[in-house]
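Residue numbers (the numbering used here), protein chains in the order written: chain G, 1 to 113; chain F, 114 to 223.
Notes for the one structure printed next.
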Amino acid sequence: DGGITQSPKYLFRKEGQNVTLSCEQNLNHDAMYWYRQDPGQGLRLIYYSQIVNDFQKGDIAEGYSVSREKKESFPLTVTSAQKNPTAFYLCASSISAQANIQYFGAGTRLSVL
Amino acid sequence: QKEVEQDPGPLSVPEGAIVSLNCTYSNSAFQYFMWYRQYSRKGPELLMYTYSSGNKEDGRFTAQVDKSSKYISLFIRDSQPSDSATYLCAMPGTGNQFYFGTGTSLTVIP
């Protein structure tokens, strides 16, 4: 089945720790995105990547980092600089950066211990 | 002013009711309009996709776009408990920007 796989489903972060959220897609999509979802705030864009080895900051990039070494993979690291990391994180992809439809993974819920 | 506005609800209806979910937007350049359904603790799944003005029907779901009023709607006929979810409207802007509504929470009571 083609799709976007996010792991883990649940993640806990200790104070001062960096954690990495995985996102893998087998749709052969060029563009990939990371969103943060908080209650009542909708989806906010963290980072996006149009092609391999290229990525740009979104609206709330501070405290996060990404890499795009392979077309299929777009991991997100939540660094210790992100002081309020508790949220639902969603990875999405689209066939190209100009495409009008994004497809989403199942999400990772990150909580702080 | 936000690019996309959506009433968060919550909306609670009896099974079999017709549900109307709505979004307004501010940018008249938007051409494509999407509705996503998101079950609790899951990712959004694409439900309906429309271009420009008019109606699009898919089973019990109808998406309606009124570009003159900058208003889009999703109608659900014969609502079922399995329709209980949060519904997000979305519109692609220029470049890589996507605009999402905050979502409307719907509960269909058996």
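Note that CB positions come from ideal geometry on N, CA and C, so glycine has one too.
This one's a predicted model, so the numbers in the text were calculated from it and none came from an experiment.
DSSP beta-bridge partners of residue i
i: G:I4; result: G:Q25
i: G:K57; result: G:Y47
i: G:Q37; result: G:L43 and G:F88
i: F:P205; result: F:F211
i: G:L168; result: The structure shown does not extend to residue 168 of chain G, since chain G spans only 1 to 113, so no value can be given for it.
i: F:I222; result: F:P127
i: G:F104; result: G:A92
i: F:S195; result: F:S195 is not bridged to any residue.
i: G:V19; result: G:V78
i: G:K70; result: G:S73
Cutoff 6 Å; reference residue i; Cβ partners in own chain excluding five residues on either side
i: G:T77; result: N18, T20 and S65
i: F:P127; result: I222
i: G:S73; result: E24
i: F:S125; result: T220
i: F:K180; result: S166
i: F:F188; result: S133 and T175
i: G:K71; result: V52
i: F:E118; result: T137
i: G:F104; result: L90 and A92
i: G:R109; result: Y10 and F88
i: G:N26; result: G2
i: F:P123; result: S218
Endpoints, beta strand (DSSP E) assigned at residue i
i: F:E154; result: Note on identity: in this sequence residue 154 of chain F is Arg, with Glu being the wrong assignment. F:R154 -> no beta strand (DSSP E), and no H or E assigned at all.
i: G:F12; result: Y10 to R13
i: F:E118; result: V117 to Q119
i: G:S65; result: Y64 to V66
i: G:V78; result: L76 to V78
Spatial neighbours of residue i in its chain, beta-carbon cut-off 7 Å, leaving aside the 5 residues before and after
i: G:S96; result: D30 and A31
i: G:S67; result: P75
i: F:K183; result: T137, Y138, S139 and S141
i: G:S80; result: G16, Q17 and N18
i: G:S22; result: Q6, S7 and P75
i: F:Q114; result: S139
i: G:V112; result: R13, P85 and T86
Contacts around residue i, its chain only, beta-carbon distance under 8 Å, and the 5 residues preceding and following it disregarded
i: G:E69; result: V52 and N53
i: G:G37; result: A small correction: the amino acid at residue 37 of chain G is Gln; Gly does not occupy that position in the sequence shown. Cβ neighbours of G:Q37 beyond the five flanking positions: L43, R44, A87, F88, Y89, L90 and G107.
i: F:A130; result: S192 and V221
Query raised in the report: Is the segment 130-141 of chain F in contact with the segment 149-159 of chain F, if contact means three or more CB pairs nearer than 8 Å?
Result: no
Query raised in the report: Does the count of Cβ pairs from the segment 168-181 of chain F and the segment 208-220 of chain F closer than 8 Å reach three?
Result: no
Report task. Would you list, in sequence order, the uninterrupted alpha helix (DSSP H) runs of no fewer than 4 residues that lie entirely inside the segment 130-192 of chain F? Result -> none
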